[in-house]
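There are 2 protein chains.
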Amino acid sequence: MRADKRKKLEAAGWAVGGASDFLGLTPEESAYIDMKISLGNALRERRKSQQISQVALAKRVKSSQSRIAKMEAGDPSVSIDALIKSLLALGASSTELSKAICSAGSEAA
Amino acid sequence: MRADKRKKLEAAGWAVGGASDFLGLTPEESAYIDMKISLGNALRERRKSQQISQVALAKRVKSSQSRIAKMEAGDPSVSIDALIKSLLALGASSTELSKAICSAGSEAA
DNA sequence: CGAAAGCATGCCATATATGACATACCATGA
DNA sequence: TCATGGTATGTCATATATGGCATGCTTTCG
């Protein structure tokens, strides 16, 4: 239940908009991972739109550059809590968070 | 930064729909806690609507009754990850999760 | 060609969340 | 009355996530 996620994530570079689990993931696992990826993307976008580096963001949220990178990458070692806290720190509204999470569920429109 | 949250939560029974932080919480902390409470409520509702007990849900998500209770209570010791995983296990869609999260941001309409 | 800035990835010690268990509380009904 | 089922709350050992750090890889700019 650890290797699975990693595999999914490794395949994620590919899964641009996607959710599909051709790996052995339950729908819940898949949904969970998709959410992380969505939030990670949202984080990167928000950070870039504010023109700040990972290092700067790390300082802002009292974390480290490596962790920010992992967050944006949807690394299995980062929690959704971390993603959410970082997004909030960048001024994201809960509405915005909702959008990111919801967009995780959009099956290949 | 630990006692604060607990305090907020203890006061939360009162904060029915609310967010306001008359305690010393930053807006982000407040938003984060509100999300947890919202998700906790969503979890309880969904569980009740499916007529299952905390014990049953615990078994389903491979956890324990106490943890479910804490989740529904928005206890500081539970992560949003746990909440989300449990909701997903109860068949909640990402859209539904979005709604719960978003409703956390609704300032005393 | 360096040097510097930005990012990715691996590792590790420590902090934090988790499951499990015990216990207590409140209903309901026998 | 006392069982029984459902829930709340505390504690503890262990699992997991985190911050920090080192390192390597690209670009860009001098």
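Chain order of the listed sequences is S and C. Everything in the first sequence is counted per the working numbering, starting at 283 for the first residue and increasing by one. Everything in the second sequence is counted per the working numbering, starting at 283 for the first residue and increasing by one. A virtual CB, placed ideally from N, CA and C, is assigned to each residue, including glycine. These figures come from a predicted structure and were not determined experimentally.
At a cut-off of 7 angstroms between beta-carbon atoms, residue 363(S) makes contact with chain C.
With three or more CB-CB distances shorter than 8 angstroms, the stretch 367-375 of chain S counts as touching the stretch 325-343 of chain S. For residue 337(C), the enclosing alpha helix (DSSP H) covers residues 336-342.
Annotation for residue 328(S): 369, 372, 374 place their beta carbon closer than 7 angstroms to its own, counting only its chain and skipping 5 residues before and after. Residue 332(S) sits in coil when the DSSP states are folded into three classes, being neither helix nor strand.
DSSP places residue 369(S) in the uninterrupted alpha helix (DSSP H) bounded by 362-371. In chain order, 383 make up the part of chain C whose C-beta sits under 7 angstroms from the C-beta of residue 379(S).
A residue is called buried once 16 or more other Cβ atoms fall within 10 Å of its Cβ, and residue 318(C) is buried on that count.
Taking a cut-off of 8 angstroms on C-beta distances, the stretch 311-325 of chain S touches the stretch 342-361 of chain S, as three or more cross pairs fall below it. Distances from the CA of residue 312(S) to each of 334(S), 330(S), 358(S) were compared; the closest alpha carbon is that of 358(S). Residue burial is scored here from C-beta neighbours: residue 376(S) has at least 16 other C-beta atoms within 10 angstroms and is therefore classed as buried. Within the stretch 313-325 of chain S, the residues whose Cβ lies closer than 7 angstroms to some Cβ of chain C are 313, 314, 317, listed in chain order.
Distance check between residue 363(C) and each of 316(S), 333(S), 345(S) places 316(S) closest, using alpha-carbon atoms only. By the neighbour-count criterion, in which 16 or more other beta carbons inside 10 Å mark a residue as buried, residue 348(S) falls on the exposed side. The CB of residue 367(S) comes closer than 8 angstroms to the CB of 310, 314 in chain C, given here in chain order.
Under a criterion of Cβ atoms nearer than 7 angstroms, the residues of chain S adjacent to residue 376(C) are, in order, 313, 317, 383, 384, 386, 387.
Sequence-distant partners of residue 385(S) (beyond 5 residues in either direction) whose C-beta falls short of 7 angstroms from its own C-beta, in its chain, are 320. Secondary structure at residue 316(C): helix, using DSSP grouped into helix, strand and coil.
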